[in-house]
Structure formats: structure tokens, C-alpha cells
Amino acid sequence: MTYAEVYSAWKADPEAFWMEQARAIDWDRAPSRALTETGDGLHAWFADGLVNTCWNAVDRHVEAGRGEQTAIIHDSPVTGTKRWISYVELRNRVATLAGALRAKGVEKGDRVIIYMPMIPEALEAMLACARLGAIHSVVFGGFAASELAVRIDDAKPKAIIAASCGIEPGRTVHYKPLLDGAIDQATHKPDFCVIFQREQEVAELTQGRDVNWHGFQYGVEPADCVPVEGDHPAYILYTSGTTGAPKGVVRPTGGHLVALNWTMKNIYGVDPGEVFWAASDVGWVVGHSYICYAPLIHGNTTIVFEGKPVGTPDPGTFWRVISEHKVRSFFTAPTAFRAVKREDPDGAFIAKYDLSALRAIYLAGERADPDTIEWTHEKTGKPVYDHWWQTETGWTIAGMPAGIETLPVKIGSPTVAMPGYDIRILAEDGTEKPAGELGAIAIRLPLPPGTLPTLWNAGDRFRKSYLTTFPGYYETGDAGMKDEDGYLWIMARTDDVINVAGHRLSTGGMEEVLAAHPDVAECAVIGVRDELKGQLPMGFVCLTKGVNRPAEEIEGECVKLVRDRIGPVAAFKLCKVVDRLPKTRSGKILRRTMAAIADGDDFKTPATIDDPAILDEIREGVSAMGYPRG
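Quick note: the sequence shown uses the UniProt record's numbering, first residue 1, plus one each step.
Here it is as C-alpha cells:
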């Protein structure tokens, strides 16, 4: 079938479509129907089915005779180690860990916070929770104690599973003091903590509360898989909220299994047994969906990579991993390739490795600027597919259906809507915009399987955040348009569409122009307040390694480039060369924080920021341009 035929089949009968996909999952009790109304116009998927995520991700592959296949490859350039774990070994390790957690009182419905680096034990902890029907909440390893405390008080975990430390290039991150500080600050106290001691740092255990990862598993009875209802929460994942308070996205078990399994072949084009690599972290949604769950559910080999795109040890580390482990599909964020391109603009490191096993590269997590896509495609010779989704959805909203049909690539577009997503471009009054016009991107309800049904302990906030602006629709918070062929174009977050003298302009469009400058490695454009025009665009650019021309000269060229390509209507006059841009650990540029600095507004430094010191450079750059005013 073609993509159009598959999408039409879903649209004609969504329930029949998803019930057919559900047959690929092992159910303890098959669901009698796909969709159930839960009130207030909301729905649940496969609610009356009984199923277990860990069984589907691990045990069933062993039972099918594929236990000796490698399930997890751990490649850690920061520690100089590699490990290969088979499905049967993974099954035994997870069952034992689950048995030890059960022996200490963890049961179905209990919450467990996981605070670990990129090691296989992080996945084992997630799967052990799923085996018991416990609800895990992974918090990015190294998060500040205050932020971890907020999540402890919201999730109220019975247990916390942590590592003694994380390893970053040139430094060790001490997890245990952060964990202790968080528990001290939190009102809720866990019954116990499990500490995985890494050889790089052995932490002192807190008597009466902490148990050693290996010691507490000794002599326990391995746990069997506990069947849970299709709408039972598999996990809670906290994502930043506009109020500063984190939002706990809930992931339902049944829909999660069905949707993720479908994506591996239809979007990422891999067959069971092949190697899939998502270069992310288990603390983010990409790590949940495409390091841990989807590859294992589908029977692939997944890579847990503990390193950085550059500096561990060089900008060739991605290509080494792909070559060495024969990766078929590779998924990362555009910011990773921008870092690689900045260090190795000519692609010299790419030529050192055999990438013949690689079929395609997938980008997501932020807008993929055309310059980065073109560079990656040119230097690797591989198809590069942008695709767009969110923490809330858990899987692709719009992308390239490479396993169904390879459609023409339009650089700058994540291609087309996936089955389950009826995407509309809406005006502020909720009317639909015609092709080619910028508007708010919304998805007609119900959302497909695997997407969030609510926020943890915050149903009212869920409705207010996503469902009230456009009744009958999920508001994505992104702005964009569709073209005549139905391709989607994501231009910016809704609050990144700026109003310059009555003209609604996308900062993302300006960033595309700046990124096309030969000396610019990456950039960001924000809107700043202006008494005359309402808002003005302000640009920040980082230069490619080896560029030695005066910054003022490049800034002038950037201003001219935007005015030539977009026109005087953009009123683009403010541009500054900086060494780095402030980002989250997952690589998203903190544009809202930059705008607050430029406007002189109070703001809270985001918990997810990679290096708070970068904000000082942004302040200096903003000040040099005469801001904040007044």
C-alpha cells in the first residue's frame, strides 16, 4: 500500500486500523475495542485489554527463540567500555531486579523515580518497573536537587533507583549528594533508594534507606510479568511548563505498545534483528520511546551511547558507532549535527568510516534548518529525514513514512501527517487557514494511541494547557503551515511568531536565512519589545570553527542577508556573534530565556539548561545592542 492508501484507511475507520495494529502485540487479554470514551470529550485506547510492556519488550523474543540476539549495546567513549547484552540475559537481569523491588514492597501502581546516566541498568530499571506494573518516572541524571525534589513531591515514589555518578567529558557528576539533597528538600520521602555503584565513584550509602543495586538482588525470586489494563500508566515523564512548574505527561500502556511497534517498520524502516540507534538520553522522551521501548518491543538491537557528538574524543564518534555496530537507522537532534559540522565542516571524519549499513538519518527535537540537513546529506550520502513530535505525543506526528513509501523530500518540512493525526492549521478564531498561510498547528481529537490522556494529578491543567484554545482539538503550541501537497512546515513555537508593525513573522524563517551564511554554524532569532513596532527580531549567531574574520563584518552580512531574503518588513537590524547559545541538555535552544534577558524581564533559569554561565554571554551581547531599553 502507498502512504496515501494507509492514511486513508486509518481515516476511514480509525478503530479498525488500530485494532489491526494491536494484533502485533502479545495480550494477556485482547481488547474488545480500540477506543473508549472517558468523559469530557476524552478517550482511552485498548482500555479493557490486559498486557505487560516488559513481556512484549523482552520475554516474548526469548520465547520465540531469539534469546541469543543482542538486545542492548552499551558504547561508552567517556569510560572507554563496551558491553553487549542478549535478550535472554536482559530477561534474567530484569526479572531478578523486579523480584528484588517486589520483595521490598513495590507493586502495581506504585511510582518509582529513576535517576541514572546512560548505562544499560537505566533501561533495566525501567523494564523492571514495567514488569511489576509499577509506574516509573525517569529524571535526567544530574538534575539539580531542587528540581528532583519537585518531581519527588509530585510523583510520590515508593522507591528511587539511582547511580552513584554520571561521567561527562572531563568531569564526574556526583549523583548521590544531589539525590540526598533532593530527598532532604522534598516533603515526600521514599521508602528506600537503590544505588548502582559505578567503579568511577563509589558513594556512601545512607543507613536505613539506601540499598546496594547488587546486594539487594541477592537470593531473591525472579518476578513474572504482571498484566495491567491497557490504559494503566506505563510512566510519567516531566516536561517543562510555561509556569515553571513541570508537567507530568502520562503514557498509557496499551496504546504505547501498539503505536511504538508500528513506527519501527513504517517510519524508521527497520526489521527485527537490525540495529537501531537514537543518540539521546533516557531522561528525555526520545530515550523512553526510541532507546528503551520501541526497538525492544519490535525486536531490534538498541544502542545506549554514553558520550557526546564532539569531544568524546572527536567529531567522528557518531560515524564510528554507526560503522562499528552496523546501525541501520540513526536518530538524533539537529543540534548534534550542528556541533559536528562546526568542528568538522569538511566532513573529514566521515570519510574515515564505513557507513554502508546505514539506510537513513532521522532528525527531531527542534527545527531542522535546511543548511544542516543539506550538509549532512551531502557529506554522508544518506537520506536525511526531519520529523516532528513532542514529549506529549511520544511518537511522530509528521514524518517520512519510509517503511511504507519514500515520498519526495522537501527540505525544511517534516513531510506528512502519520496515521492517527488529523493536523489542521487554525487562525486565532479557530477557523482553518488555507494552504500556504501561517497559523497555529492543532490536531483534531481524539489523539492516536500512545499519546497523553492527561497530566499526572493535574487533569484541569491538562485541559487548560492543551484543549481549551481550540475546542475539539489538541493545541500543539507550534506554528506553521501546510502546502498544496499536504506537507507540513513547522515555523516556530506559537510564542516565537513575532508581530513586527502588524506583520506576523516567523523567527524560524529568519533562522533559516542566517543558517545559510557560510560562516554561521548555528543561530537563534528572538523577538524583543519595541515601542514603535511592537516587536523587533534579534539574532545571535555562532561561527564555524576556523573563521577569523571580524565579528562586525559577519553581523553586517547577516543583517543584509535577512533583509534581502525576507525583506525590509522583517526590520532585522540586531545581530550579534556569540561563542555559544544557551541550550537544554537535549539540545533545544532556550529562546524564551534569551527573550526575557533582552526585555529585562524576571525569569527562572531553566532546570534543564546545560550550562548557566552561557547566559552571561547573552546578557553582554544584548547589552552591546542597546537592550534592555528603558
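No residue lacks a Cβ here, since even glycine has one placed at the ideal position from N, Cα and C.
Contact check for A516 against D611 fails: the beta carbons are separated by 8 Å or more. Distance from the CA of D422 to the CA of P14, rounded to the nearest whole angstrom, comes to 11 Å. The beta carbon of V578 sits closer than 8 Å to those of F540, V541, C542, E617, I618 and G621, all from its chain and outside the five residues before and after it, given in chain order.
For G621, no beta strand (DSSP E) encloses it; the enclosing alpha helix (DSSP H) starts and ends at I614 to A624.
When DSSP reads this structure, A360 sits in a beta bridge with S329. For the set K108, M126, G109 and M400, the Cα lying nearest the Cα of M116 is the one of M126. C-alpha of R171 to C-alpha of A162: approximately 18 Å in a straight line.
V88 carries a helical assignment under DSSP once its states are collapsed to helix, strand and coil. Within the region 75-125, the complete alpha helix (DSSP H) runs of at least 4 residues fall at 87-103. CA-to-CA, the gap between D154 and W456 works out to about 8 Å. Distance from the CA of P315 to the CA of R338, rounded to the nearest whole angstrom, comes to 11 Å. Between the C-alpha atoms of E324 and A357 there is a straight-line separation of about 10 Å.
For W45, the beta-bridge partners assigned by DSSP are L35.
Using a Cβ distance threshold of 8 Å, G133 and V202 do not count as a contacting pair. Between T451 and T393, the CB-CB gap stays under 8 Å.
The region 75-94 and the region 139-155 do not touch, with fewer than three beta-carbon pairs separated by less than 8 Å. By the neighbour-count definition (other C-beta atoms within 10 Å, threshold 16), N548 is an exposed residue. Counted as a single uninterrupted DSSP element, the stretch harbouring K247 is not any alpha helix (DSSP H) but the beta strand (DSSP E) occupying residues K247 to P252. E63 counts as exposed, since fewer than 16 other beta carbons sit within 10 angstroms of its beta carbon. Across the structure, D271 and R328 are spaced so that their CA atoms are roughly 9 Å apart.
The closest CA to that of H136, considering only R111, K156 and E124, is found on R111.
Exclusion of the five residues before and after L590 leaves P582, K583, T584, P606 and I609 as the residues of its chain whose Cβ lies within less than 7 Å of its Cβ. The shortest CA-to-CA distance from V520 to any of N499, G556 and L532 is the one to G556. In the DSSP assignment, C558 falls within the unbroken alpha helix (DSSP H) covering A551 to R565. Here the region 42-56 makes contact with the region 246-254; the two share three or more CB pairs at distances below 8 Å.
With a threshold of 16 other beta carbon atoms within 10 Å, Q200 falls short and is exposed.
Taken atom to atom, the span from the alpha-carbon of G587 to that of S280 is near 10 Å. Scanning G534, C575 and R529 for the CA closest to the CA of A551 turns up C575. DSSP places R629 outside both helix and strand once states are collapsed to three, so it counts as coil.
Distances from the alpha-carbon of I236 to those of T476, R342 and I113 put I113 closest.
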